[in-house]
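>
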Amino acid sequence: MGLCVWSPQTLLGSNMASYQRIMLAVDLTEESTHVAERALALAKAFDAELHVVHVIEPLSLAYGGDIPMDLSTVQEQIHEQAKSHLAEFANRLQVPDDRQYLIFGRPESEIQRVAESKEADVIVVGSHGRHGLALLLGSTANGVLHGANCDVVAVRVGEPEKPSEP
Ligand code: AMP
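Okay, here's the thing in structure tokens:
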């Protein structure tokens with residue numbers, strides 16, 4: 029029986045193991061830079077296309093009907109601000125305009141949806157490694173992972189939380 033030796037070159041050379049389209053999901057906080065660095069490194073290693081998505085959660089979804097006022101002006105301002113932040117962020121990564129997506133909705137499902145529609149083979153998200161109640165409540169990374177039909181790379185961000193003393 030022959031011996032099969034796997035090297036990075038063998039893996040990168042095979043279609044099965046190579047990524048062609050990477051969907052980077054950013055919340056546009058400071059941590060996004062660290063997540064983007066990993067996505068960029070992945071894109072370079074695989075000579076893959078890098079795409080960037082930011083999802084704006086509609087205020088009506090976040091607050092329901094709890095605020096008795098017209099939120100459309102505030103929502104419009106949030107949209108304009110997010111649009112310029114996303115463009116600035118993506119341009120720094122040299123991601124062209126037609127690979128930048130600004131979407132309204134729930135982050136988890138919209139990230140999955142845009143990744144699927146653009147035929148991304150991996151989604152890159154940040155992950156806070158939560159514990160306790162926060163873990164039970166879930167996170168965007170968890171939400172994306174459950175239901176994504178491609179690979180998901182979770183990049184650890186933020187301070188690692190110390191487990192509480194017994
Ligand atoms: P969170 O679980 O909300 O702390 O977010 C962790 C990661 O999920 C972020 O680093 C992003 O990769 C992704 N993410 C969260 N919110 C959004 C958003 N509104 N749009 C795109 N990606 C997001």
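Here the sequence shown is numbered in the numbering used here, starting from 29 and rising by one per residue.
No residue lacks a Cβ here, since even glycine has one placed at the ideal position from N, Cα and C.
Would you list the residues sitting across from H82 in a DSSP beta bridge?
For H82, the pairing in a beta bridge is given by DSSP as L130.
> What number of angstroms, rounded off, separates the C-alpha of A182 from the C-alpha of E108?
28 angstroms
> Quick one, are the C-beta atoms of E77 and R49 less than 8 angstroms apart?
yes
> Hey, would you say I131 sits closer than 8 angstroms to V172, going by beta carbons?
no
> Taking the alpha-carbon positions, what's the I151 to D55 distance?
Computed Cα separation, rounded: 14 angstroms.
> Using a Cβ-Cβ cutoff of less than 7 angstroms, which residues in the same chain neighbour N177 once the five nearest sequence positions on both sides are dropped?
E144
> Could you give the DSSP three-state label for E77: helix, strand or coil?
In the three-state reduction of the DSSP assignment, E77 falls in the strand class.
> For E104, tell me which candidate among L87, L52 and V153 has the shortest Cα-Cα distance.
L87
> Does the distance from the CB of V83 to the CB of R127 come in under 8 angstroms?
No.
> Between the C-alpha atoms of G175 and R184, what's the straight-line distance to the nearest angstrom?
Cα to Cα, G175 sits roughly 20 angstroms from R184.
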